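Read through the structure below, which is laid out as structure tokens, and then see the notes.
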Amino acid sequence: MSCTRCGKEYKPLRRKLCKSCYQTVLDRQTAYGRWESVLVDAEPVRQHVLALIAAGVSRRQIVKLSGIPRSSLGTLLVGKRGGPAEKIWESTAKRLLAVEIPGAAHAVAAAGDHMPAVGAIRRLQALVAAGWPMSTLARECGMGETGVSNLLRTRPELITVDKHRRVVDVFARLQLEPGPSLRARNFGRKQHWPLPFQWDEGDLDRPEATSAAPRRRASRAAA
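The numbering of the sequence shown is full-length UniProt numbering, which starts it at 1 and goes up by one.
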């Protein structure tokens, strides 16, 4: 391609100008106060992306939601040689800032991503305590016959976003309905699992939160 100002062949070009002509035009327009840069400060955008990551949105999903190249995200966060980028393209900044920070990580996360399992486990425990058999919950969640019992027995730290979403949907449907199984209800009581109404909705996914269920009484020491 040739420069539209001097006609010489140059590649790559900036705004269809060679490097020399581009700098000349830039200096002149800056002196006149008419230059509008297509680059913006990267720091506010970087902080927004870090907030997305802290909220549980993976880098892969940020790339997918914003539509920017993965390399652009890497340049913003890590940089190429001298550290994270100080400036980024305005179009890239707008796309990244348009990705809203979710109230819940699973709201925008990819189905195959992983997230803390504590929320799903608490919801399933509460439904069992309300009288819903694990086999019924497994069927409703599409986990297979022993999916729920395995999850409650092993209590993994992480769970797929897709599985978490299914548990959330089932909990939303059944939390106000008493289950049909006295056996499940007794089992939940024996395990001291809180009932659905004893959880604040906003606390279910917070590991440090506790329910409003009565605390277990300490057993009496032997005389």
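All C-beta atoms, glycine included, are put in the ideal place defined by N, C-alpha and C.
It should be emphasised that the depicted structure is a prediction, and the values quoted were computed from it without experimental measurement.
Assuming residue i and residue j make a contact with CB atoms under 8 Å, what is their CB distance in whole Å?
i      : j      : result
Val63  : Arg123 : About 30 Å; that fails the 8 Å criterion.
Ser211 : Gly131 : The pair is not a contact, with the Cβ atoms about 17 Å apart (cut-off 8 Å).
Ala117 : Leu158 : 6 Å
Which class does residue i belong to by DSSP, given the choice of helix, strand or coil?
i      : result
Asp113 : coil
Ile88  : strand
Asp205 : coil
Val49  : helix
Leu195 : coil
Asp162 : helix
Asp200 : coil
Arg217 : With a pLDDT of only 46 at Arg217, under 50, the local geometry of the prediction cannot be trusted, and no value is derived from it.
Could you check if residue i is buried or exposed, using at least 16 other CB atoms within 10 Å of its CB as the buried criterion?
i      : result
Phe197 : exposed
Thr136 : buried
Cys18  : buried
Ala120 : buried
Ser20  : exposed
Ala51  : exposed
Gly144 : exposed
Gly147 : buried
Under 6 Å: does the beta carbon of residue i sit that close to some heavy atom of the ligand HEM?
i      : result
Pro156 : In terms of ligand content, the structure shown is empty, and the ligand HEM therefore cannot be addressed.
Take residue i and list the residues in its own chain whose beta-carbon comes closer than 6 Å to its own, dropping the five residues that flank it on each side.
i      : result
Ala93  : Val40, Val45
Thr75  : Ala85
Ser149 : Met134
Nearest to residue i by CA position, among the options, is which residue?
i      : options                        : result
Glu201 : Thr160, Leu50, Leu176          : Leu176
Val38  : Arg153, Lys8, Ile88, Ala54     : Ile88
Ala54  : Met143, Glu100, Gly179, Arg166 : Glu100
Ser68  : Gly82, Gln125, Ser91, Leu77    : The sequence shown places Ile at residue 68, not Ser. Closest option to Ile68, Cα to Cα, is Ser91.
Arg95  : Val49, Arg153, Gly144, Thr160  : Val49
Gln191 : Asp162, Leu152, Lys163, Leu158 : Leu152
Ala184 : Asp205, Thr154, Leu127         : Leu127
Ala111 : Cys6, Arg60, Val78, Leu77      : Arg60
Val161 : Val57, Leu204, Gln47           : Val57
Arg206 : Arg28, Met115, Ala138          : Met115
Ala138 : Thr154, Asp113, Val170         : Val170
Gly188 : Arg28, Leu73, Ala213, His164   : Ala213
CB-CB under 8 Å to residue i, same chain, minus the five flanking residues each way: which ones, in chain order?
i     : result
Ala98 : Ser66
Excluding sequence positions up to five away, which residues of its chain have a Cβ less than 7 Å from the Cβ of residue i?
i      : result
Pro178 : Ala130, Gly131
Trp199 : Arg122, Ala126, Ser211
Arg166 : Cys141, Gly142
Trp193 : Gln125, Ala126, Val128, Ala129
Pro156 : Ala117
Leu77  : Arg46, Val49, Pro84
Val25  : Leu17
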